[in-house]
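First comes the structure, then the notes that go with it.
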Amino acid sequence: MWSSRLFWKLFLVYAGLNIASAIVFALIVSGRQQTQVDEQVRQRLHDSAVIMGSSLEGVFQQGPTESLQKKVKKLGKKTGTRLTLIDMDGVVIADSDQDTLKLVQDMENHKNRVEIIQAISTGSGSSKRMSPTLSEPMLYYAVLFKEEEQPEGVVRVAITMAKIQEEVSAVEKLIWGIALVVSFTVMLLTYWVVARMIRPLTILTNAAESIAGGEYDQKLYFPQHDELGILAQSFNHMSHEMAERVRQLQASGDRLGTVLEGMVEGVIAINERQHVLFANESAGRLLFFSPEEAEGKPLFESVRNHQLQRAVTEVLNTLEPQRMEVELESTSDRILGVTTTPLPGEPCPGLVIVLFDMTELRRLESLRQEFVANVSHELKTPLSSIKAYTETLIRGAKDDPEISQTFLMRIEEQAERLHELIMDLISLASIESGNQVFDIIDIELGPFVEICLVDQQKVAEAKNIELIVEAKEPGIKVKADEEGLHQILGNLINNAIKYTPDQGRITIRWEWDDPNMVLLEVEDTGIGIEEKHQARLFERFFRVDKARSRELGGTGLGLSIVKHLVQSFNGTIGVTSKVGEGTTFTVRLPRG
Numbered sequence: 001m002w003s004s005r006l007f008w009k010l011f012l013v014y015a016g017l018n019i020a021s022a023i024v025f026a027l028i029v030s031g032r033q034q035t036q037v038d039e040q041v042r043q044r045l046h047d048s049a050v051i052m053g054s055s056l057e058g059v060f061q062q063g064p065t066e067s068l069q070k071k072v073k074k075l076g077k078k079t080g081t082r083l084t085l086i087d088m089d090g091v092v093i094a095d096s097d098q099d100t101l102k103l104v105q106d107m108e109n110h111k112n113r114v115e116i117i118q119a120i121s122t123g124s125g126s127s128k129r130m131s132p133t134l135s136e137p138m139l140y141y142a143v144l145f146k147e148e149e150q151p152e153g154v155v156r157v158a159i160t161m162a163k164i165q166e167e168v169s170a171v172e173k174l175i176w177g178i179a180l181v182v183s184f185t186v187m188l189l190t191y192w193v194v195a196r197m198i199r200p201l202t203i204l205t206n207a208a209e210s211i212a213g214g215e216y217d218q219k220l221y222f223p224q225h226d227e228l229g230i231l232a233q234s235f236n237h238m239s240h241e242m243a244e245r246v247r248q249l250q251a252s253g254d255r256l257g258t259v260l261e262g263m264v265e266g267v268i269a270i271n272e273r274q275h276v277l278f279a280n281e282s283a284g285r286l287l288f289f290s291p292e293e294a295e296g297k298p299l300f301e302s303v304r305n306h307q308l309q310r311a312v313t314e315v316l317n318t319l320e321p322q323r324m325e326v327e328l329e330s331t332s333d334r335i336l337g338v339t340t341t342p343l344p345g346e347p348c349p350g351l352v353i354v355l356f357d358m359t360e361l362r363r364l365e366s367l368r369q370e371f372v373a374n375v376s377h378e379l380k381t382p383l384s385s386i387k388a389y390t391e392t393l394i395r396g397a398k399d400d401p402e403i404s405q406t407f408l409m410r411i412e413e414q415a416e417r418l419h420e421l422i423m424d425l426i427s428l429a430s431i432e433s434g435n436q437v438f439d440i441i442d443i444e445l446g447p448f449v450e451i452c453l454v455d456q457q458k459v460a461e462a463k464n465i466e467l468i469v470e471a472k473e474p475g476i477k478v479k480a481d482e483e484g485l486h487q488i489l490g491n492l493i494n495n496a497i498k499y500t501p502d503q504g505r506i507t508i509r510w511e512w513d514d515p516n517m518v519l520l521e522v523e524d525t526g527i528g529i530e531e532k533h534q535a536r537l538f539e540r541f542f543r544v545d546k547a548r549s550r551e552l553g554g555t556g557l558g559l560s561i562v563k564h565l566v567q568s569f570n571g572t573i574g575v576t577s578k579v580g581e582g583t584t585f586t587v588r589l590p591r592g
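Using UniProt numbering, the letters of the sequence shown correspond one by one to residues 1 to 592.
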C-alpha cells in the first residue's frame, strides 16, 4: 500500500482538498466571528453606557466633583471599561481612567471626537482610534443622555482593542482547533476510504504482474457486488481462459517439438537477421552442427555453405519459397534437398528451412538407371543372338541339316539364358517387394547340405573339384525357408565351382557362432576377388570379369538374390577373398 503511487496520488489530492477546505472554512468563520464579536462588544458598550447613564442622574447639572470622579472610577473598574462623562459643550466632567479630578479637568475638550459628534446628532456613536490620553487603540461608544427629553450630556464607554482582540483570538483558536480536529479526522477517513478503494486495485495489479510473470491461474475474490466485483469475476474468467490457452499452447508446442525432433527431415527456423530460432537434431546431423550451441547465433557461423546462404538471402529479399539441391562441401557424396519458406508477417519475421537427405534417393536413382541399362543389355544380348540365328535359318540355313541343328541348339542356349535371367529378375523382385511368403522352419544342416551337393556333384566331377563337408557338431539346425536355403547354398556352391580351376577344392562347414546364430561357410581355392570389387559383389548385374562370367554362364543376379534371401531370414552374409588363393562366403543364420 505504501508503495502504491495511485494511493498517494488520490490520498494527497483528497488531503489537499480537505486542508484547503478547512483553511477556507476557518478563514470565513473567523472573519464572521470577528464581525460578530465587534458587534457584540459595541452592543455591550451601548448597554453599559445606558445603564451607567441611568445610574448617574443629575450629575451633568452638578458638574465635575470628587465624588462623581470616584463613583465613575469605581464603575469603570467594575465593568472593566473606561467610562467618561462629557457635557454638551464637550467638557469632560469625569473619567474612570483618571486618578484625580484635577487630571480630569486638564483633559482636552472632546466636542470634536467622532463618537461625541455622532451621539449628539443621532443619539449614539462609535469609533476606533488611538487614545491620546492612554496612547493605545480603543473602541469608543457614546450615548446621548437626556433628562426630561432635554440632552444633558454624553456617556462614553471605551474598551481597549487588545481586550477585543483577546476575545477574537480565543474564538479563532477554537475555530482553528475545530478545523484541525475535523481535518485530521477527515484525513484519517480519507486514508481509510482511499486504502479501501486502492486495495482491490493493488490485488488486481499483483495478479496481473503474476500473470505477466507466467503464473496464469490467478483467482480474485471481492465480496462487494459493484463494478470491482464484476471486474474480479471478469478477471478470474480471463485468467482461467488464459491459463487454459497457455496450457493448450504448451501442449501443442510440446507435441510440435516432439514431432520436429522425431522427423527424419531437418528443420531450421531463423529470424530476419538470420539468427537461429530453432533447429532439430536431424538438421544438426545433416549439416554437422550442434542445434543447442547454434540457437540465438547467426546460422552461417555454424553452417558454412555458400549455396544455402545465397538461397536464404534471396528468399528473405524476394519472400518467394525456393527449392534446391545442395551438395555439402565437407562431404561431396552427400546431397541435400533444401526448401526455404518465408514465415507469414509484415515485415517478414524470418523463414523455415527444411532439409531432406537426397543422397540415398540419388544413389537409388543411379542404381535404377544402371539396373535398367544392365537389364536392357542382358536381355539384348540373347535376343540379338536368337534374332541373328533365326534370320540366318530363314535365309536358307535351315536347308542344311547340320547347320540348322547347330543354330537351333544355340537358339535354345540363348533362350535358356534368357529364361534364367527373367526368372532371376522375377525372384529378386518378389523378395525385395516383401510379397514372397517364406515358410520358416528348423532345418538340420547336415542332411540338407548333402542334398545340395548331390545337385552340384556332376558339375564338380567334370572339373575334378573335391567337395568337402566339415561339421564341427552334429545336429545343428537353422531357421529358414527350405527352398530359399536351397537357393542360397546352390548359388554359392555353383559360383565356387565356376571360379575354381580344375583339381580345386570346395569346403562347406558350419558351427555355432554364438548361442543364437549359426555360422555357415562356403570356401573355395579359386581365382579369388580383388578387394576393391568385394564391396560391390552383391550388387545386381555386377561382374568382376564380365567376359569370363558370360562365358561361364549366369545372369549376374545370383549373389544379389542370395543376399536378399539371407536378410529375409534375419541373417547376414559377407565375403573374404585373396587373389590366387580363393574366396570364402560367410552366412550367419538364426539358430533352429
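All C-beta atoms, glycine included, are put in the ideal place defined by N, C-alpha and C.
Quick one, which of the options has its alpha-carbon nearest residue i's?
| i | options | result |
| --- | --- | --- |
| residue 85 | 156, 501, 285, 499 | 156 |
| residue 262 | 250, 275, 279, 271 | 279 |
| residue 207 | 230, 194, 236, 183 | 236 |
| residue 318 | 348, 390, 220 | 348 |
| residue 444 | 78, 592, 389, 323 | 592 |
| residue 215 | 110, 381, 243 | 243 |
| residue 506 | 301, 20, 490, 518 | 490 |
| residue 197 | 564, 479, 227, 182 | 227 |
| residue 597 | 462, 441, 486, 417 | Residue 597 lies beyond the stretch modelled for the chain, which goes from 1 to 592, so this question has no answer here. |
| residue 70 | 99, 87, 92 | 99 |
| residue 570 | 478, 63, 41, 150 | 478 |
| residue 574 | 542, 556, 534 | 534 |
| residue 59 | 87, 39, 195, 303 | 87 |
Where does the unbroken alpha helix (DSSP H) through residue i begin, and where does it stop?
| i | result |
| --- | --- |
| residue 183 | 161 to 212 |
| residue 395 | Per DSSP, residue 395 belongs to no alpha helix (DSSP H) and is neither H nor E. |
| residue 108 | First-last for residue 108: undefined, no H or E at that position. |
| residue 566 | 558 to 568 |
| residue 59 | 59 to 62 |
| residue 277 | Segment 276 to 279 is the beta strand (DSSP E) holding residue 277; no alpha helix (DSSP H) there. |
| residue 264 | Note, residue 264: premise wrong, no alpha helix (DSSP H); not H, not E. |
| residue 534 | 531 to 534 |
| residue 69 | 66 to 79 |
| residue 302 | 299 to 302 |
Measuring straight from C-alpha to C-alpha, what distance separates residue i and residue j?
| i | j | result |
| --- | --- | --- |
| residue 203 | residue 239 | 14 Å |
| residue 309 | residue 340 | 11 Å |
| residue 456 | residue 521 | 17 Å |
| residue 488 | residue 396 | 45 Å |
| residue 255 | residue 438 | 40 Å |
| residue 495 | residue 323 | 48 Å |
| residue 547 | residue 475 | The pLDDT assigned to residue 547 is 44, lower than 50, so where the model puts this residue is not dependable, and the model offers no usable value. |
| residue 581 | residue 327 | 42 Å |
| residue 470 | residue 518 | 14 Å |
| residue 51 | residue 13 | 56 Å |
| residue 473 | residue 529 | 30 Å |
| residue 361 | residue 492 | 31 Å |
| residue 391 | residue 532 | 43 Å |
| residue 158 | residue 183 | 39 Å |
| residue 509 | residue 409 | 39 Å |
| residue 567 | residue 302 | 40 Å |
Per DSSP, what are the beta-bridge partners of residue i in this structure?
| i | result |
| --- | --- |
| residue 141 | 126, 157 |
| residue 225 | DSSP, once it has assigned bridges, lists no residue as partnering residue 225. |
| residue 322 | 340 |
| residue 517 | 514, 590 |
| residue 307 | Partner(s): none; residue 307 has no beta bridge. |
| residue 441 | 480 |
| residue 466 | 505 |
| residue 593 | Nothing about residue 593 can be reported from this structure: the residues present for the chain run from 1 to 592 only. |
| residue 497 | DSSP lists no partner for residue 497. |
| residue 583 | 577 |
Determine the extent of the beta strand (DSSP E) in which residue i is found, giving its start and end residues.
| i | result |
| --- | --- |
| residue 578 | 572 to 578 |
| residue 357 | 350 to 357 |
| residue 82 | 82 to 87 |
| residue 92 | 92 to 95 |
Between residue i and chain C, is the shortest Cβ-Cβ distance under 9 Å, so that the two count as touching?
| i | result |
| --- | --- |
| residue 356 | Absent here is chain C; the protein component of the structure consists of one chain. |
Measure the beta-carbon distance from residue i to residue j and round it to whole angstroms, keeping in mind my assumption that it falls under 8 Å.
| i | j | result |
| --- | --- | --- |
| residue 502 | residue 464 | 5 Å |
| residue 90 | residue 111 | 2 Å |
| residue 29 | residue 64 | That belief does not hold up - the Cβ atoms of residue 29 and residue 64 are roughly 46 Å apart, past 8 Å. |
| residue 259 | residue 283 | Wrong, their Cβ atoms sit about 14 Å apart, outside the cutoff. |
| residue 265 | residue 354 | 6 Å |
| residue 484 | residue 500 | With 8 Å as the limit, residue 484 and residue 500 do not qualify as a contact, their Cβ atoms being about 24 Å apart. |
| residue 142 | residue 119 | 4 Å |
Sorry if obvious, but does the Cβ on residue i come closer than 8 Å to a heavy atom of the ligand FMN?
| i | result |
| --- | --- |
| residue 590 | In terms of ligand content, the structure shown is empty, and the ligand FMN therefore cannot be addressed. |
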